[in-house]
Amino acid sequence: MSVPILRQGDVLIASIQVAQTDEDLRGLRDQLATEVGSQRAKGVIIDVTALDVMDSFATRTLRAIAYSSRLRGAHTVVVGIQPDVAFAMVQLGLDLGAVSTALDLDDAIDELRARRSEESRA
Amino acid sequence: MSEPRRIAVSRDEDVVVARQIGRALATEIGFKGSDLTLIATAISEVARNIVVYAKHGDITLDIVEDRGRRGVCVVARDEGPGIPDVEKAMRDGFSTGGSLGLGLPGARRLMDDFEIVSQVGVGTTVTMRKWTTRS
Numbered sequence: 000m001s002v003p004i005l006r007q008g009d010v011l012i013a014s015i016q017v018a019q020t021d022e023d024l025r026g027l028r029d030q031l032a033t034e035v036g037s038q039r040a041k042g043v044i045i046d047v048t049a050l051d052v053m054d055s056f057a058t059r060t061l062r063a064i065a066y067s068s069r070l071r072g073a074h075t076v077v078v079g080i081q082p083d084v085a086f087a088m089v090q091l092g093l094d095l096g097a098v099s100t101a102l103d104l105d106d107a108i109d110e111l112r113a114r115r116s117e118e119s120r121a
Numbered sequence: 000m001s002e003p004r005r006i007a008v009s010r011d012e013d014v015v016v017a018r019q020i021g022r023a024l025a026t027e028i029g030f031k032g033s034d035l036t037l038i039a040t041a042i043s044e045v046a047r048n049i050v051v052y053a054k055h056g057d058i059t060l061d062i063v064e065d066r067g068r069r070g071v072c073v074v075a076r077d078e079g080p081g082i083p084d085v086e087k088a089m090r091d092g093f094s095t096g097g098s099l100g101l102g103l104p105g106a107r108r109l110m111d112d113f114e115i116v117s118q119v120g121v122g123t124t125v126t127m128r129k130w131t132t133r134s
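Chains as they are written, first to last, in numbering that gives the first Met the number 0: chain W, 0 to 121; chain L, 0 to 134.
Take a look at the structure:
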């Protein structure tokens, strides 16, 4: 099932609603890669609150989305990793590398805003 | 006690189905919160290995008992190419499938018991169990 992608200003918000197959995640990755360009997005927020499992494939795909978006000028924040999911990821030996995370959507938007003003000062 | 559930695994969707049924079964026998997620995640990893390396196989989920405690037993079986060097495959970061190489060693860390038997040209069977803490 494909993930709806909303746009707010220059931020794309992908809100995952249901369990994702590997194919769904690959679709999300490709869709975001296209939209970062076509929408000239500066930020991408991926809401994973609804995911009850983040295994090695899901983690690798989120990382790929974030790194490739970065190369295209957009910063990614992953929000809503559930406590049990975070615990399982640690046990598995997974981490999101340099990908930003936030507790919820508000924090993610704040982080992107702070990052923008920092960048404009630099 | 319920019958073992067998799930045929050959497509991405089957990976999701297997871990959802596994979670439901584990809930039934009293696992809670983070254990449910650990079990579902471990099933996801071994089911994906079937799809990626063997193309098809199956996962059997069963309730087991040992000295008054109950557990869930997951058997992932395929007749795929087999793993030439199991010891190497169980090392973090080793992968021939372009992944992170954390699937099998990760699944072992998530569960209490983990056994793998593999023979080149014959197939692979992974057996894992997780036990509820004795009440």
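Built from N, CA and C at the ideal position, the CB exists for glycine as well.
None of these values were measured; they are calculated from a predicted model.
Range covered by the beta strand (DSSP E) that runs through residue i
i	result
A18(W)	Unbroken run through A18(W): none, as it is neither H nor E.
G16(L)	Going by the sequence as given, residue 16(L) is Val instead of Gly. From DSSP, V16(L) is part of no beta strand (DSSP E) but of the alpha helix (DSSP H) over 11–27.
Q123(W)	No answer is possible for residue 123(W): the residues shown for chain W start at 0 and end at 121.
A85(W)	Here A85(W) belongs to no beta strand (DSSP E); instead the alpha helix (DSSP H) covers 82–91.
V73(L)	68–77
Euclidean distance between Cα positions of residue i and residue j
i	j	result
G56(L)	I115(L)	15 Å
L24(L)	I62(L)	8 Å
P80(L)	I49(L)	10 Å
G96(W)	R62(W)	7 Å
R5(L)	L11(W)	41 Å
M53(W)	T124(L)	23 Å
D94(W)	T126(L)	26 Å
R108(L)	Q19(L)	20 Å
D21(W)	I42(L)	14 Å
V71(L)	D34(L)	11 Å
A88(L)	E110(W)	39 Å
Contacts around residue i, its chain only, beta-carbon distance under 7 Å, and the 5 residues preceding and following it disregarded
i	result
S68(W)	L31, V35, V43, T75
Sequence-distant residues of the same chain with beta carbon closer than 8 Å to residue i, five excluded per side
i	result
S1(W)	D23, G26, L27, Q30
Chain W within 9 Å of residue i, Cβ atoms only
i	result
S43(L)	yes
V50(L)	yes
A7(L)	no
Neighbour flag for residue i against chain L, beta carbons, 9 Å
i	result
Q19(W)	yes
Enclosing alpha helix (DSSP H) for residue i [first to last residue]
i	result
E117(W)	104–120
F56(W)	55–70
E64(L)	Note, E64(L): premise wrong, no alpha helix (DSSP H); beta strand (DSSP E) at 56–65.
I42(L)	32–48
E86(L)	85–88
Other residues of its chain near residue i: CB distance less than 6 Å, five sequence neighbours each side excluded
i	result
V84(W)	M53
Against chain C: residues of the segment 44–56 of chain W by CB proximity under 9 Å: In the displayed structure, chain C is absent; the protein chains listed are W and L.
Residues from the segment 73–93 of chain W in contact with chain L, defined by Cβ distance under 7 Å: D83, V84, F86, A87, Q90, L91, G92, L93
Residues from the segment 11–26 of chain L in contact with chain W, defined by Cβ distance under 8 Å: D11, E12, V14, V15, R18, Q19, R22
Within 7 Å of chain L by C-beta, residues of the segment 21–38 of chain W in sequence order: D21, E22
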